[in-house]
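According to our numbering, the sequence shown is numbered sequentially starting from 193. Glycine included, every Cβ here is placed at the ideal spot set by N, Cα and C. Small disclaimer: the values here were computed from a predicted structure and weren't measured. Below is one structure; the comments refer to it alone.
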Amino acid sequence: QDVAGQLGDDDEVSLSLVTGADGTTKVMIMSTSEMEELSNAVCCVHTFVDELGKDFAPFVAQTAQALLLVFDFSMDEEVRDTAFETWGLLCQCARGNNQVSMVAELVQEFLKRILPKFEKVGATGAVAEAQGLDTEALKTAADGVKACLKKAGPGVLNAQQVQHICQVALSTLNASLKLRDADEAQKRSKPADEDDAVADEDGEEEGVLLRIACCEMVGALADSHADLFMQHCIGPAMQLVTTFIQPSVRFEDRRLALFVVCDMLESLREKIVSQWPQFLPQMLQDVLHQSPGLRQPACYGTSLAAREGAFAPYALAAAQTLSQMITETRSAAKKKSQKPAQACADNALSALAEILTTHQQAVAAGEAQLWGVWLKGLPCQADDEEGVKNHRTLLRLVQAENPQVVGDGGAYLPQVLSILVDVYKTGMADEETSKGIGQLVVKLGPQRLEQLAGQLKEKQRKKLLRIHKEAQ
């Protein structure tokens, strides 16, 4: 009654039933204006924790307690997603300040509140009940688990917990797939309706995002608990991969398989080599797949696998395939519609560079030609993360005066300088690389710099002068 008396006739409110630790249920009421204030507060806290890092450590426990309200209250999923990201940052903050017990408490509290959402899905099983899935809320929860585990780092879960999280993630993925199949069967059995079609597309997109998030939960386990993952999760993870990576499987499911493969290659490294025959040949073929949605993770996965010595037998053929894809993509017209394809080429450049630097002996026969393709493919066009990698590699090779990159007598330096000038202090180069570019420009000396500048475009020459000035 007191709350009702504080609200006006036109005020909108949200209600939530929250069960406390003692089993009692409380009704929580919040007005729209209060919801907006809470949303702004969560964003503000996220910024503080992100910017201050471990210096925020004295406030971790108090902040975590305040965030719990957002976990349970009925509100926009974007707000809850930000709250879950913030919780992950709190774990990272505590870890950075060596508060190991606090990290464990945060993770356990988070899982205690979030995992029941997945356990409920896994307990139903039937498609009829799966149709009640709140896919958006589950996707937010899955993203939260991923963020929490990745930020918390290793050693916070025991074997049983790792196995259980993997199980509920894959059970939720399976329930979502069953729901998709049931929806498609239903659509085939009734006349088309435009309004229904729009709603169906929205639902399909939410389902796709949920399934990706479930796979990323599995990937987070591999990242944070590699040894336990190999003991308890590699079987079901590989079953998913081998089922979905086949060429006859639909695009979306094949992409899921590649996402899981990339996570395992990144986190498990040599531990996963024995499983390569089950997915690596197909992944290498997908480097040339007609869809960028498969090409990109295939190229990224290749760059990860190429870090291992065991990749040597695949190196030459993979390098030739990557070279073909880069050449064809970069020769296409520069259109906005080609951005996904160019992002694939950026990933392919990373893979090619990894092969050339790690497996020099295996590709010796075509090394010069392959380096030429790599250099000609730069700068990266669309993927900032891959751009940072490649341009850092380029700078390192130039600093080492690698003959394949700088050329005889520095013949390739004008081309190299053009690339480095273009990426200087952009999203395609991190701060360290930009600083290194400045140092390289100064090291070249006035006379050499003037010779090279004559082969640059007017805009590049002006930027080169700025780089030189800033590096002094």
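Quick check on this structure: which residue in the options has the alpha carbon closest to the alpha carbon of residue i?
{"i": "Ala-249", "options": "Cys-236, Ala-275, Gln-284", "result": "Gln-284"}
{"i": "Gln-355", "options": "His-551, Ala-377, Ala-414, Arg-446", "result": "Ala-414"}
{"i": "Ala-663", "options": "Tyr-616, Asp-575, Gln-643, Ser-381", "result": "Tyr-616"}
{"i": "Val-661", "options": "Gly-637, Leu-648, Glu-650", "result": "A small correction: the amino acid at residue 661 is Lys; Val does not occupy that position in the sequence shown. That would be Gly-637, whose Cα lies nearest to the Cα of Lys-661."}
{"i": "Met-409", "options": "Gln-482, Asn-594, Ala-339", "result": "Ala-339"}
{"i": "Ser-363", "options": "Gly-336, Pro-428, Glu-376", "result": "Pro-428"}
{"i": "Lys-246", "options": "Asn-289, Ser-231, Glu-398, Lys-342", "result": "Asn-289"}
{"i": "Ala-543", "options": "Val-313, Ala-525, Phe-503", "result": "Phe-503"}
{"i": "Ala-557", "options": "Ser-529, Leu-508, Thr-513", "result": "Leu-508"}
{"i": "Ser-466", "options": "Ile-518, Leu-514, Met-422, Arg-640", "result": "Met-422"}
{"i": "Ala-424", "options": "Ser-231, Ile-357, Gly-336", "result": "Here the sequence assigns His to residue 424, which means Ala is not the residue at that position. Residue Ile-357 is the option with its Cα nearest to His-424."}
{"i": "Asp-614", "options": "Met-517, Leu-570, Glu-311", "result": "Leu-570"}
{"i": "Ile-404", "options": "Glu-311, Leu-365, Ser-523", "result": "Leu-365"}
Using only the alpha-carbon positions, how far apart do residue i and residue j sit?
{"i": "Asp-538", "j": "Ala-258", "result": "43 Å"}
{"i": "Val-271", "j": "Leu-371", "result": "26 Å"}
{"i": "Leu-261", "j": "Ala-275", "result": "10 Å"}
{"i": "Phe-240", "j": "Thr-278", "result": "10 Å"}
{"i": "Gln-300", "j": "Leu-476", "result": "39 Å"}
{"i": "Ala-545", "j": "Gln-254", "result": "47 Å"}
{"i": "Asp-273", "j": "Phe-443", "result": "28 Å"}
{"i": "Gly-628", "j": "Thr-585", "result": "11 Å"}
{"i": "Gln-553", "j": "Arg-461", "result": "21 Å"}
{"i": "Cys-536", "j": "Cys-491", "result": "7 Å"}
{"i": "Leu-656", "j": "His-583", "result": "17 Å"}
{"i": "Leu-612", "j": "Cys-572", "result": "11 Å"}
{"i": "Glu-623", "j": "Lys-379", "result": "52 Å"}
{"i": "Leu-450", "j": "Leu-325", "result": "25 Å"}
{"i": "Asp-600", "j": "Val-565", "result": "17 Å"}
{"i": "Gln-596", "j": "Gln-639", "result": "24 Å"}
{"i": "Lys-651", "j": "Gly-493", "result": "36 Å"}
{"i": "Lys-528", "j": "Leu-349", "result": "45 Å"}
{"i": "Thr-519", "j": "Gln-438", "result": "27 Å"}
Which residues in the same chain have their Cβ closer than 6 Å to the Cβ of residue i, if we skip the five residues on either side of it in sequence?
{"i": "Leu-496", "result": "Leu-457, Glu-458"}
{"i": "Asp-455", "result": "Gly-411, Ala-414"}
{"i": "Ala-320", "result": "Any answer about Ala-320 is weak, because its pLDDT of 41 lies below 50 and its placement is not dependable; what the coordinates show is given next. No residues qualify anywhere along the chain."}
{"i": "Ile-587", "result": "Here the sequence assigns Leu to residue 587, which means Ile is not the residue at that position. Within the same chain, Leu-587 has close Cβ partners Thr-625, Gly-628."}
{"i": "Cys-236", "result": "none"}
{"i": "Ala-286", "result": "Val-252, Met-294, Val-295"}
{"i": "Gln-482", "result": "none"}
{"i": "Ala-213", "result": "Note that Ala-213 has pLDDT 49, beneath the 50 cutoff, so the model's placement of it is unreliable and no number is given."}
{"i": "Asp-445", "result": "Phe-436"}
{"i": "Leu-731", "result": "An answer regarding residue 731 cannot be provided, because it is not within the stretch 193 to 664 covered by the chain."}
{"i": "Val-653", "result": "Rather than Val, the amino acid found at residue 653 in this sequence is Arg. These residues qualify, in order along the chain: Ala-645."}
{"i": "Ser-231", "result": "Val-271"}
Within a Cβ cutoff of 8 Å, which residues of the same chain sit near residue i, ignoring the five residues on either side of it in sequence?
{"i": "Pro-532", "result": "Pro-484, Gly-485, Gln-488, Ala-574"}
{"i": "Val-234", "result": "Leu-259, Val-262, Val-271, Thr-274, Ala-275, Thr-278"}
{"i": "Trp-468", "result": "Ala-497, Ala-502"}
{"i": "Ala-322", "result": "Since pLDDT at Ala-322 reaches only 48, below the 50 mark, its modelled position is unreliable, and no value is offered."}
{"i": "Ala-168", "result": "One cannot answer for residue 168 here, as it falls past the ends of the chain, which runs 193 to 664."}
{"i": "Leu-644", "result": "Leu-605, Pro-606, Leu-609, Leu-636"}
{"i": "Gln-631", "result": "Ala-663"}
{"i": "Lys-309", "result": "Ala-329, Leu-330, Ala-333"}
{"i": "Glu-555", "result": "With the sequence shown as reference, residue 555 is identified as Val, and Glu is not the correct amino acid for it. Taken in chain order, the residues that qualify are Ala-507, Leu-508, Ala-511, Ile-547, Leu-548, Leu-562."}
{"i": "Gln-291", "result": "Ala-249, Val-252"}
{"i": "Ala-318", "result": "Summary for Ala-318: the model assigns pLDDT 45, below 50, so the residue's position carries little reliability; its value from the coordinates is reported in the next sentence. Excluding positions up to five away in sequence, the list is empty."}
Are residue i and residue j closer than 8 Å when you measure CB to CB?
{"i": "Gln-470", "j": "Thr-521", "result": "no"}
{"i": "Ala-334", "j": "Leu-282", "result": "no"}
{"i": "Ala-621", "j": "Val-580", "result": "yes"}
{"i": "Tyr-506", "j": "Leu-567", "result": "no"}
{"i": "Leu-448", "j": "Ala-511", "result": "no"}
{"i": "Ala-344", "j": "Ser-293", "result": "no"}
{"i": "Ala-351", "j": "Leu-420", "result": "yes"}
{"i": "Glu-559", "j": "Leu-548", "result": "yes"}
{"i": "Glu-361", "j": "Glu-269", "result": "First, the amino acid is wrong: residue 361 is Ala here, not Glu. Cβ atoms of Ala-361 and Glu-269: not closer than 8 Å."}
{"i": "Glu-398", "j": "Thr-332", "result": "no"}
{"i": "Ser-610", "j": "Leu-648", "result": "yes"}
{"i": "Cys-407", "j": "Val-452", "result": "yes"}
{"i": "Gly-347", "j": "Ile-306", "result": "no"}
{"i": "Ala-418", "j": "Lys-463", "result": "yes"}
Given residue i, which residues of its chain have a CB within under 7 Å of its CB, disregarding the five upstream and five downstream residues?
{"i": "Asp-576", "result": "Gly-619, Met-620"}
{"i": "Val-598", "result": "Val-590, Tyr-604, Leu-605, Val-608"}
{"i": "Thr-550", "result": "Ala-498, Arg-499"}
{"i": "Thr-513", "result": "Leu-476, Val-479, Leu-480"}
Between residue i and chain C, is any beta-carbon pair separated by less than 8 Å?
{"i": "Leu-656", "result": "Included in the structure is just one protein chain, with no chain C present."}
- Query: Quick one: complete beta strand (DSSP E) runs, 3+ long, within the segment 292-347?
  - Reply: none
- Task: Pick out the complete alpha helix (DSSP H) segments inside the segment 458-526, 4 residues or longer, and give them in chain order.
- Result: 472-477, 484-497, 504-522
- Message: As an exercise, report each continuous alpha helix (DSSP H) stretch of at least 4 residues that is fully enclosed by the segment 376-444, in chain order.
- Response: 386-416, 418-424, 426-436
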